[in-house]
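Here is the structure we will look at.
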Amino acid sequence: MPLLDMALLLLAVPALLAALYLLALTLLSGRLPVPARAPARLRFDLVVPAHNEEAGIARTVANLSALDYPAALRRIVVVADNCTDATAERARAAGAHVLVRHDAERRGKGYALEYAFARSLEEAQADAVVVVDADTVVSAGLLHAFAARLEAGARAVQAEYGVQNPDASWRTRLLTIAFALFHDVRSRARERLGLSCGLRGNGMCFALPLLRQVPHDAFSVVEDVEYGLRLGLAGQRVHYAGEVKVLGEMVAGEQGSRSQRRRWEGGRLQLMRQHGLPLLGRGLAQRSGLLVDLALDILVPPLSWLAAPALLLGALALALSLAGGHALLSLGAWGAVLAMLTLYVLRGWWLSGMGLRGLADLACAPLYVLWKLVLLLRRPQHPKGAWVRTTREGESR
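Pasting the structure below:
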């Protein structure tokens, strides 16, 4: 076997393993059964962490106030965290219970959630807390979906997290497909296998006894993934309620998108480095499918990290083969990687509901992949877990 062909083949091995993992999730991502709706008995605190969200907080509170669930069994709690605007006043005027928090040292969503959860635990008026971001609209049946699973024994539940403004730009359309891949395809498969679907930061539900058992002391920029790992280590899986959605507003422009994605991708990369291999080793030692899958979830690199090398090295193997260099094995390996990734992406496109417009936008995917790779190579510009509010569409810049 020529040396270059062998090198290309060896490089393909980790990519093949990652692509096989994603293919398995794709094949298991069929429709899930929906539990029957039970009579409303459980009480919920709907926690909305907010930092300088005066422009849209009233709309979010109004959306949560219209949920199809008895008003006496739910309370909307807005945490106005280190705000310098009228977030607290507008949330209160919209009918929310408002917690005002100022702490110059402990800044970020994780600290805001810790503060709200501590209040709910102290008051003991709710059976569970639900986390909804301040720029979000939710399905009317959200609490009934959570209640049905809690009544059946679940202690943590995640709704499908999607995009509220998919048609704002080609970026938001691609992001809608990406969310369907990461939040729906993967979560459906994990729920089918009885694994943890993971936490997505928005649309999360926790039973109060769980928060007592596993305190929420996750404060990084990806505090949701961090806390999901801690739940897994405690033997607790996150159930998936895919029939209800929380839709967040995404940034259409390049500048805001760059800031937002850099924080997300940088945070996940840091978790991968710190926890990936140790968690995998622990899962294998304990023969825990839950821990092994959580490890794989953070070890499998972002799709851009798989797609870019697959295209480049696959093209190199093809060129070598056409030049008579006998690179058929590596060409076949990288071709298999691309085929499996294509099936995975097409499944996400189908579940996203973006139709032919979204399919056409996939032609822009190479630019999107290159953009994300550049972001991943840059260092975060903000302290760990700090509030960095993204300017939303229609706001002055």
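Straight run, no breaks: the sequence shown in the numbering used here ends on number 377. Just so you know, even glycine gets a beta-carbon here, dropped at the ideal spot from N, CA and C.
Fewer than three Cβ pairs drawn from the region 201 to 218 and the region 117 to 126 lie within less than 8 Å of each other, which leaves the two stretches out of contact. Its Cα nearest to that of alanine -1, the residue Leu318 stands out among Leu318, Trp330 and Cys63. Proline 13 and alanine 20 have their alpha carbons spaced roughly 20 Å apart. Counting only runs of 3 or more residues that sit fully inside the region 117 to 145, the beta strand (DSSP E) segments are 136 to 143, in chain order. Your pair glycine 228 and glutamine 144 checks out as a contact, with CB atoms roughly 6 Å apart and the cut at 8 Å. In the displayed model, phenylalanine 159 falls within a helix according to three-state DSSP. The C-alpha of glycine 36 lies about 7 Å from the C-alpha of alanine 114. Partner residues in a beta bridge of leucine 347, as assigned by DSSP, do not exist.
In this structure, alanine 288 sits away from alanine 187, with a CB-CB distance that is not shorter than 8 Å.
Here the region 318 to 331 lies against the region 155 to 163, with 3 or more beta-carbon pairs under 8 Å apart. Between aspartate 197 and glutamate 94, the C-beta spacing is below 8 Å. Annotation: alanine 60 to valine -7 spans about 48 Å, alpha carbon to alpha carbon.
A residue is called buried when at least 16 other Cβ atoms come within 10 angstroms of its Cβ; arginine 168 meets this threshold and is buried. Burial check for histidine 82: the Cβ neighbour count within 10 Å stays below 16, so the residue is exposed.
For a cut-off of 8 Å, the C-beta gap from asparagine 62 to arginine 99 is around 17 Å, too long to register as a contact. Taking one beta carbon from each stretch, the region 170 to 180 and the region 209 to 227 have 3 or more pairs nearer than 8 Å; the two touch. Taking 8 Å as the cut-off, the beta carbon of methionine 334 is found no closer than this to the beta carbon of arginine 151. When DSSP reads this structure, alanine 60 sits in a beta bridge with Ala30 and Val80. Assigned with DSSP and collapsed to three states, histidine 255 falls in helix. For glutamate 223, the enclosing beta strand (DSSP E) has its first and last residue at 219 to 228.
In this structure, the beta-carbon distance from methionine 320 to leucine -10 does not fall below 8 Å.
Cα atoms of aspartate 164 and aspartate 25: separation of roughly 25 Å, rounded to the nearest angstrom. Per DSSP, reduced to three states, the secondary structure at methionine 334 is coil, with no helix or strand assignment.
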